[in-house]
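Residue numbers (the numbering used here): 173 to 576.
Ideal Cβ positions, reconstructed from N, Cα and C, are used throughout, including at glycine.
Down below is the structure, laid out as structure tokens.
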Ligand SMILES: [Zn+2]
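Shown next, in the form of structure tokens:
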């Protein structure tokens, strides 16, 4: 029985060197460009200034904003949204985000808050915290130029925002005596999907090997988790197949030989596909636990996903044998019956992690034993709800302890 909905960014422009077309596209949207940049490397080597110059030459006024280098926090979003609001944005303004997933998420959230003035802070709109307000007005139009190949944030409808302070918030149920603990939550609305996604893989050639490896593993984790998600549907699954076929062989090359155009193109394309897939299908165990590791132990997203992916495969093997076998046959069509093929796929991913020197245990990331109990409730977010296998608290505790 076929029954599904599917959505994706309205326009995607993909190709080596195609950032040169940014000004032409931006000019269609407006007169003022609110340029949010998060890549210190591309600022230092002149790439960001080159984009600004082209925007000005196309008749746009350029206002520049620098994103912090951390994953976006409530205070970062509120600050940028206040700056946007102070500009009294109207028709003719376009936000341009140049950076990794953190910068794109920050810009997405601020673009949404700029036009949704019924909330004061982004907290008012976050899932599971605050006042539960919804994004009602279309955000400022957003053009996303990813400079890493990993999160797929350029194609998703949410922005992941964290709070690392125990600060109390204004509100009825939350008081100084009853503060909200640190969290990592989504601001989510289909209105938040970027208006235009411009992927120029050439922007990723300056990424150092370590960042290339971890962001690439994030994309691969997203492709696998979306493929097996309990909310998986046919179009995203087809995209996952294409993405994995490209990314699994390309990632080690992109890491070892950063200037390889073929490898950079493959990874940028796979990351984009992973964003489209996860926005439609959701994720699973690895992303669920990764969110908790981010909140409790400040482990960066890509590293957490990379460490957790092999475990996510073992956890779901009993209910996903056929799907893992399908994925293994992309690389080895004669790999035998489903059980053999599925195990070969897990070994393939484990070998990739070993080749990229991804740590295999949580203690290697600096996670303390006394933090493990906190990881269980922290893993129960939107991502975990897509995991194909139900995991009781007892089972989850056992798995997390086993990973330590
Ligand atoms: Zn991810």
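With 16 as the cutoff for other CB atoms within 10 Å, does residue i come out buried or exposed?
i           : result
residue 280 : buried
residue 541 : exposed
residue 410 : exposed
residue 289 : exposed
residue 201 : buried
residue 326 : buried
residue 473 : buried
residue 526 : exposed
residue 176 : exposed
residue 390 : buried
residue 529 : exposed
residue 436 : buried
residue 505 : exposed
residue 441 : buried
residue 345 : Any reading at residue 345 needs caution, since the residue's pLDDT is 49, under 50, leaving its predicted position unreliable; the model's value is listed next. Exposed, because fewer than 16 other Cβ atoms sit within 10 Å of the Cβ of residue 345.
residue 415 : buried
For residue i, which of helix, strand or coil comes out of DSSP?
i           : result
residue 515 : helix
residue 245 : strand
residue 203 : coil
residue 316 : strand
residue 297 : helix
residue 306 : coil
residue 539 : coil
residue 329 : coil
residue 572 : helix
residue 370 : strand
residue 122 : This structure does not reach residue 122, given that the chain is present from 173 up to 576, and the question cannot be answered.
residue 496 : helix
residue 503 : coil
residue 394 : helix
residue 235 : strand
residue 556 : helix
residue 173 : coil
residue 446 : helix
residue 582 : Residue coverage of the chain in this structure runs from 173 to 576, which leaves residue 582 outside it and unanswerable.
residue 563 : coil
residue 454 : coil
Per DSSP, residue i forms a beta bridge with which residues?
i           : result
residue 355 : 335
residue 402 : In the DSSP output, where bridge partners are listed per residue, residue 402 has none listed.
residue 360 : 330
What are the uninterrupted segments assigned as beta strand (DSSP E) that are 3 or more residues long and contained completely in the stretch 179–233, given in chain order?
183–186, 204–209
List in chain order: all unbroken beta strand (DSSP E) runs of 3+ residues lying wholly within the stretch 253–296.
265–271
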